[in-house]
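Enquirer: So in my numbering, the last spot in the sequence shown is 97, and the numbers never skip. Note that beta-carbon positions come from the ideal geometry of N, C-alpha and C, so glycine has one too. Sharing a structure, written as structure tokens. Questions coming.
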Amino acid sequence: MTHNSIWSAIERFAAERHLSCSGLAKNSGLDATTFNKSKRWSREGQPRWPSTQSIAKILSATQSNISDFVKYLPEGE
21 MTHNSIWSAI ERFAAERHLS CSGLAKNSGL DATTFNKSKR WSREGQPRWP STQSIAKILS
81 ATQSNISDFV KYLPEGE
């Protein structure tokens, strides 16, 4: 599982539900900027991973489970 694959999975998960990443975040009770591309890397160039709490909130808000989410990861991850 890679940094890029997790973020891509969030993007595809949102799109499948006809939402932007911002819309998914807002619908999940998160700040609208939680999943912004600009927040995926620190100023020092270190990757920022989404928190498990953020993932749990999007799953709850969409009435999904972790199995629904991992479908959006590349095969084998």
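1. Helix, strand or coil for Trp69 per DSSP?
2. Would you say Ala29 reaches chain D, if we count a Cβ-Cβ gap shorter than 8 Å as a contact?
3. Tell me which same chain residues have a C-beta within less than 7 Å of the C-beta of Trp27, skipping the five on either side of it?
4. Count the other CB atoms, across all protein chains shown, that sit within 10 Å of the CB of Ser71; report buried if there are 16 or more and exposed otherwise.
Expert: Taking the definition as stated:
1. Within the sequence shown, numbered from 1, the residue matching residue 69 stands at position 49. Of the three classes helix, strand and coil, the one that applies to Trp69 here is coil, per DSSP.
2. Here there is only one protein chain, and chain D is not present.
3. Counting from one through the sequence shown, the residue named residue 27 turns up at place 7. Answer for Trp27: Arg60, listed in chain order.
4. In the sequence shown, counting from the first residue as 1, residue 71 sits at position 51. Result: exposed.
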